[in-house]
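Chemist:
Chains as they are written, first to last, in full-length UniProt numbering: chain A, 1 to 400; chain B, 1 to 400.
Structure follows, in structure tokens:
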């Protein structure tokens with residue numbers, strides 16, 4: 001975690017306050033305001049039970065001209081029916097009133113327990129207070145205000161020179177449990193002071209999420225509330241509008257890096273996680289196939305408990321590869337490596353493999369499992385963590 | 001578990017011996033012999049890394065005229081390459097020699113650790129001993145000999161009168177971890193003394209497995225070694241050869257019951273399981289959709305840890321329903337019941353629901369979660385268990 005504080009993004013101000021949404025002593029409500037002309041793009045959960053704020057945010061973002069984001073921790077406002085929608089709208093109206101904008105210019109986000117109504121009055125009381133405390137310096141507090149079972153804030157930043165100008169990129173995220181491809185109780189906010197036209201920003205957020213948050217897994221569950229928001233304030237950086245320019249490539253690379261750093265921080269802080277493992281699949285016939293195998297390995301409870309035990313139980317790796325539903329997989333073509341140690345050769349135990357060598361890799365806090373399917377040229381990777389006693393404890397006791 | 005011993009099935013003899021496949025003091029090798037004319041059908045794992053004995057058994061069963069089954073616990077002979085195949089064949093040959101039959105008339109099965117070669121000599125030494133100890137009374141010892149992480153043997157039996165004759169049905173199974181639809185490290189052997197023509201038996205085993213073992217889930221993993229075998233000795237029961245007869249219906253019902261009883265016993269003895277939960281999905285547009293939702297709920301680690309905690313965290317239930325990938329699911333049509341307690345009504349918390357009522361259900365060792373999708377007339381059910389500290393312990397320490 002960075003000890004230094006995150007830089008300001010001209011055009012963007014933040015305030016974190018304690019709305020006492022749960023019985024805790026901490027900030028749990030974050031207000032972010034954007035300059036006029038800022039562009040905003042977002043991706044949202046694909047869970048059919050998407051939360052009320054997701055429904056409202058999707059509606060509001062369609063109109064563009066977003067001027068504020070409101071994020072609360074401690075209550076997801078999900079599975080709360082019509083009243084949930086009304087509560088989310090009431091929060092937007094309160095923000096609008098405090099900032100003299102329209103309710104439709106506010107995007108609401110919530111994370112926390114599902115199925116309980118928002119303690120609306122607490123939010124309505126806290127919103128005007130937050131509106132008086134806005135500051136460009138608020139990113140670090142913001143990263144803490146959105147946490148739920150996270151044990152630490154997740155932040156990333158880059159400063160890059162593009163077309164002779166300094167461009168700033170800052171990101172914050174929260175994650176922990178329920179993380180899975182296609183978004184999860186994962187909230188991420190990335191902002192740059194560069195100006196990026198809306199259509200390009202829309203494309204960029206999808207690409208960045210695909211390369212980062214959609215490649216991580218904590219427990220295979222996907223939440224009702226996930227969202228990843230990318231903001232281009234344009235308040236001080238250059239206008240970068242040509243998709244085929246070197247400038248765009250450099251900006252995109254830096255923004256994707258920030259997303260990946262946040263996504264990896266979420267896995268490393270997975271509920272109860274003690275290991276950070278990259279699962280690479282090579283030699284696949286297609287990218288889809290490679291990802292399918294990578295997720296099957298990375299999400300198998302038997303693999304994840306073996307990771308926790310630092311037990312190079314490679315039988316569970318081949319079991320998981322075999323379960324991925326790859327058509328006509330020839331197991332005798334499959335090789336598996338633990339970092340540089342070959343453990344499976346042609347579908348069986350590699351001749352030179354020793355338990356000691358495998359154990360040495362599995363004992364490390366971070367390592368890579370590489371599966372070569374031997375049937376094509378495509379490769380993909382994901383990041384996962386182990387399944388520990390602590391995971392069960394956290395999730396068995398979450399509401400108490 | 002039944003205190004009484006299982007009945008004999010005329011035509012079938014068994015012997016369990018200690019081959020010391022692992023460093024344990026127990027029987028771990030089971031030999032079953034069948035009378036001439038017995039019909040045998042089986043279903044096998046769909047894992048692409050199917051174990052060597054599965055490959056050999058599939059080959060042998062195609063020729064029919066099976067006269068013996070050999071099952072060992074402690075070593076799966078999976079991911080063991082060509083040598084694994086040779087080892088499985090050597091075991092079949094040893095059985096053949098001891099019984100004066102052909103190697104192709106023997107079906108081999110193994111369960112245990114993946115990726116280690118069979119301690120072949122130990123099996124070859126034990127097989128002739130087993131062949132001298134065959135008895136019709138061996139079912140109870142057999143159920144114990146095939147256990148791995150199972151904490152208790154799984155048995156079921158029925159005695160039904162069909163066409164004026166007594167028909168006997170006996171079944172044994174082993175399961176515990178790695179249980180998932182489409183078969184898992186699950187071995188089941190069901191036998192009847194009725195005579196059933198091969199084509200009808202082939203159909204019957206598929207129907208029985210579909211109604212039983214393919215509806216259970218411990219951890220969502222599928223093993224390399226699963227097999228379910230149905231034997232009709234025909235040695236004393238009636239010939240039941242007409243699929244449309246009332247006699248066949250009665251026999252089928254009893255055989256399916258034995259399969260379901262064994263499947264449920266496997267879930268109840270799931271690794272670390274403390275709860276037995278039926279997940280019913282009603283109002284689905286198709287059976288596939290209903291099963292997909294049922295498994296999404298029954299396999300979600302977040303749902304399973306909530307079951308363990310006896311925490312009626314119904315937010316996780318709606319999260320799982322929303323994740324099932326049902327096309328155009330209208331969450332406002334979804335109702336959920338915990339036994340008879342309605343917890344979700346029209347996608348939100350039911351008006352009359354109280355935490356106390358939900359808690360009372362979740363505190364029971366067995367209960368039913370019913371999801372009504374409100375979009376059709378199809379319904380399906382599965383059986384699952386919780387995810388406990390003990391699950392992590394067992395799977396983190398399995399090889400040590």
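Note that CB positions come from ideal geometry on N, CA and C, so glycine has one too.
None of these values were measured; they are calculated from a predicted model.
Among all the DSSP beta bridges, which residues are the ones paired with residue 428 of chain B?
Modeler: With chain B represented from 1 up to 400, any question about residue 428 of chain B goes unanswered, as that position is not in the structure.
Chemist: Taking the DSSP output, what are the residues bridged to residue 66 of chain A?
Modeler: Here residue 66 of chain A refers to the residue found at position 66 when the first chain is read from its first residue. According to DSSP, which records beta bridges pairwise, residue 66 of chain A is partnered with nothing at all.
Chemist: Leaving out five residues on either side along the sequence, give the residues of the same chain with a beta carbon under 6 Å from the beta carbon of residue 156 of chain A.
Modeler: If you number the first chain from 1, residue 156 of chain A lands on position 156. So the list reads 171, 258, 261, 262, once near-sequence residues are dropped.
Chemist: For residue 67 of chain B, count neighbouring Cβ atoms within 10 angstroms of its own Cβ and tell me buried if that reaches 16, exposed if not.
Modeler: Counted from its first residue, the second chain places residue 67 of chain B at position 67. Answer is buried; the Cβ neighbour count reaches 16.
Chemist: Leaving out five residues before and five after residue 71 of chain B in sequence, what residues of the same chain have Cβ atoms less than 7 Å from its Cβ?
Modeler: Indexing the second chain from 1 puts residue 71 of chain B at position 71. The residues are 30, 109, 146, 187.
Chemist: I want to verify the contact list: residues of chain B whose CB lies under 9 Å from the CB of residue 329 of chain A, in sequence order.
Modeler: For this step, residue 329 of chain A is matched to residue 329 along the first chain. Simply 48, 49.
Chemist: DSSP three-state label for residue 1 of chain B, please.
Modeler: Translated into positions along the second chain, residue 1 of chain B becomes position 1. Residue placement at residue 1 of chain B is flagged as unreliable, the pLDDT there being 42, under the threshold of 50; the coordinate-derived value follows with that caveat. Residue 1 of chain B falls in the coil class under three-state DSSP.
Chemist: Assuming residue 154 of chain A is part of the beta strand (DSSP E), what are its boundary residues?
Modeler: Locating residue 154 of chain A in the first chain gives position 154, where the first residue counts as 1. Counting along the chain, the beta strand (DSSP E) containing residue 154 of chain A begins and ends at 154-162.
Chemist: My output table needs one value for residue 171 of chain A: the three-state DSSP class, helix, strand or coil.
Modeler: Numbered from its first residue, the first chain carries residue 171 of chain A at position 171. Three-state DSSP puts residue 171 of chain A in a strand.
Chemist: Bridge partners for residue 113 of chain B per DSSP, in chain order?
Modeler: As a first step, residue 113 of chain B is located in the second chain; it is residue number 113 there, counting from the start. BP columns for residue 113 of chain B point to B/75.
Chemist: Taking Cβ-Cβ distances shorter than 9 Å, what residues in chain B pair up with residue 314 of chain A?
Modeler: Stepping through the first chain from its first residue, residue 314 of chain A is reached at position 314. The answer, in chain order, is 79, 114, 115.
Chemist: List the DSSP bridge partners of residue 16 of chain B.
Modeler: Indexing the second chain from 1 puts residue 16 of chain B at position 16. DSSP output for residue 16 of chain B lists B/30 as bridge partner(s).
Chemist: What are the start and end residues of the alpha helix (DSSP H) that includes residue 104 of chain A?
Modeler: As a first step, residue 104 of chain A is located in the first chain; it is residue number 104 there, counting from the start. Run containing residue 104 of chain A: none; DSSP gives neither H nor E here.
Chemist: Please determine, among A/357, A/322, A/272, the residue with the shortest C-alpha to C-alpha distance to residue 292 of chain A.
Modeler: Here the question's residue 292 of chain A lines up with position 292 in the first chain. With distances taken between Cα atoms, residue 292 of chain A lies closest to A/322.
Chemist: Identify, in the order they occur along the chain, each residue of the same chain with its Cβ nearer than 6 Å to the Cβ of residue 366 of chain A, setting aside the five sequence neighbours on each side.
Modeler: As a first step, residue 366 of chain A is located in the first chain; it is residue number 366 there, counting from the start. Answer for residue 366 of chain A: 276, listed in chain order.
Chemist: Distance cutoff 8 Å, beta carbons only. Does residue 323 of chain B sit that close to anything in chain A?
Modeler: By one-based count along the second chain, residue 323 of chain B stands at place 323. With 8 Å as the cut-off, residue 323 of chain B counts as an interface residue toward chain A.
Chemist: What residues in the segment 50-63 of chain B bring their beta carbon closer than 7 Å to a beta carbon of chain A?
Modeler: Cβ contacts with chain A come from no residue of the segment 50-63 of chain B.
Chemist: With H, G and I counted as helix, E and B as strand and the rest as coil, what does DSSP make of residue 347 of chain B?
Modeler: As a first step, residue 347 of chain B must be located in the second chain, where it is residue number 347. Three-state result, residue 347 of chain B: coil.
Chemist: By the three-class DSSP mapping on this structure, what secondary structure does residue 362 of chain B have?
Modeler: What you label residue 362 of chain B is simply residue 362 of the second chain in a count that begins at 1. The answer is helix: DSSP assigns residue 362 of chain B an H, G or I state.
Chemist: Are the beta-carbon atoms of residue 287 of chain B and residue 34 of chain B separated by less than 8 Å?
Modeler: Within the second chain, residue 287 of chain B is the residue found at index 287, counting from 1. Within the second chain, residue 34 of chain B is the residue found at index 34, counting from 1. No, these two residues do not count as a Cβ contact at 8 Å.
Chemist: List, in chain order, every chain B residue whose beta-carbon is nearer than 8 Å to that of residue 347 of chain A.
Modeler: Residue numbering aside, residue 347 of chain A sits at position 347 when the first chain is read from its first letter. The contacting residues are 49, 79, 81.
Chemist: List, in chain order, every chain B residue whose beta-carbon is nearer than 8 Å to that of residue 326 of chain A.
Modeler: Numbered from its first residue, the first chain carries residue 326 of chain A at position 326. Going along chain B in sequence order, the residues near residue 326 of chain A (Cβ under 8 Å) are 48.
Chemist: Return the chain-ordered list of same chain residues with a C-beta closer than 8 Å to the C-beta of residue 27 of chain A, the five sequence neighbours on each side being excluded.
Modeler: Taking the first chain and counting its residues from 1, one reaches residue 27 of chain A at position 27. Excluding residues within five positions, the ones whose Cβ falls inside 8 Å are 16, 17, 18, 141, 144, 145.
Chemist: Report back the beta-carbon spacing between residue 250 of chain B and residue 162 of chain B to the nearest angstrom; my notes put them in contact at under 8 Å.
Modeler: For the purposes of this step, residue 250 of chain B is identified with residue 250 of the second chain, where counting begins at 1. For the purposes of this step, residue 162 of chain B is identified with residue 162 of the second chain, where counting begins at 1. That pair is a contact at about 5 Å.
Chemist: If the cut is a Cβ gap below 9 Å, which residues of chain A does residue 344 of chain B touch?
Modeler: The residue given as residue 344 of chain B occupies position 344 in the second chain. Within 9 Å Cβ-Cβ: 79, 115.
Chemist: Across the segment 72-90 of chain B and the segment 308-327 of chain A, are there enough close Cβ pairs to call them in contact, namely three or more that are closer than 8 Å?
Modeler: Short answer: they touch.
Chemist: Below 6 Å CB to CB, which residues in the same chain sit around residue 372 of chain B once its five sequence neighbours on both sides are set aside?
Modeler: Taking the second chain and counting its residues from 1, one reaches residue 372 of chain B at position 372. Taken in chain order, the residues that qualify are 282, 283, 335.
Chemist: Check whether the Cβ of residue 283 of chain B lies closer than 7 Å to any heavy atom of the ligand NAD, and answer yes or no.
Modeler: Because no ligand of any kind appears in the structure shown, any question about the ligand NAD cannot be addressed here.
Chemist: Does the distance from the C-beta atom of residue 361 of chain A to that of residue 314 of chain A stay below 8 Å?
Modeler: Here residue 361 of chain A refers to the residue found at position 361 when the first chain is read from its first residue. Here residue 314 of chain A refers to the residue found at position 314 when the first chain is read from its first residue. Result no, Cβ atoms of residue 361 of chain A and residue 314 of chain A do not sit closer than 8 Å.
Chemist: Between the beta-carbon of residue 12 of chain A and the beta-carbon of residue 191 of chain A, is there less than 8 Å?
Modeler: Here residue 12 of chain A corresponds to residue number 12 of the first chain, with the count starting at 1. Here residue 191 of chain A corresponds to residue number 191 of the first chain, with the count starting at 1. Yes; because the gap between Cβ atoms is below 8 Å, this pair is in contact.
Chemist: Mind checking who residue 335 of chain A pairs with in its DSSP beta bridge?
Modeler: The residue given as residue 335 of chain A occupies position 335 in the first chain. Partner(s): A/372.
Chemist: Please state whether the Cβ-Cβ distance between residue 266 of chain A and residue 173 of chain A is less than 8 Å.
Modeler: Locating residue 266 of chain A in the first chain gives position 266, where the first residue counts as 1. Locating residue 173 of chain A in the first chain gives position 173, where the first residue counts as 1. Their beta carbons are under 8 Å apart, which means residue 266 of chain A touches residue 173 of chain A by this criterion.
Chemist: Take residue 95 of chain A as the anchor and find which of A/40, A/75, A/32, A/86 has the nearest alpha-carbon.
Modeler: Position 95 of the first chain holds residue 95 of chain A. Among A/40, A/75, A/32, A/86, the Cα nearest to that of residue 95 of chain A belongs to A/32.
Chemist: Just checking my contact of residue 363 of chain B with residue 274 of chain B at CB under 8 Å: how many whole Å lie between their CB atoms?
Modeler: Position 363 of the second chain, counted from the start, is the residue given in the question as residue 363 of chain B. Position 274 of the second chain, counted from the start, is the residue given in the question as residue 274 of chain B. About 11 Å separates the two Cβ atoms, so there is no contact after all.
Chemist: Starting from residue 305 of chain A, follow the beta strand (DSSP E) in both directions and report where the run begins and ends.
Modeler: The residue given as residue 305 of chain A occupies position 305 in the first chain. Note, residue 305 of chain A: premise wrong, no beta strand (DSSP E); alpha helix (DSSP H) at 301-308.
Chemist: Looking at the structure shown, is residue 383 of chain A part of a helix, part of a strand, or coil, going by DSSP?
Modeler: The count along the first chain starts at 1 and reaches residue 383 of chain A at position 383. Here residue 383 of chain A sits in strand by DSSP.
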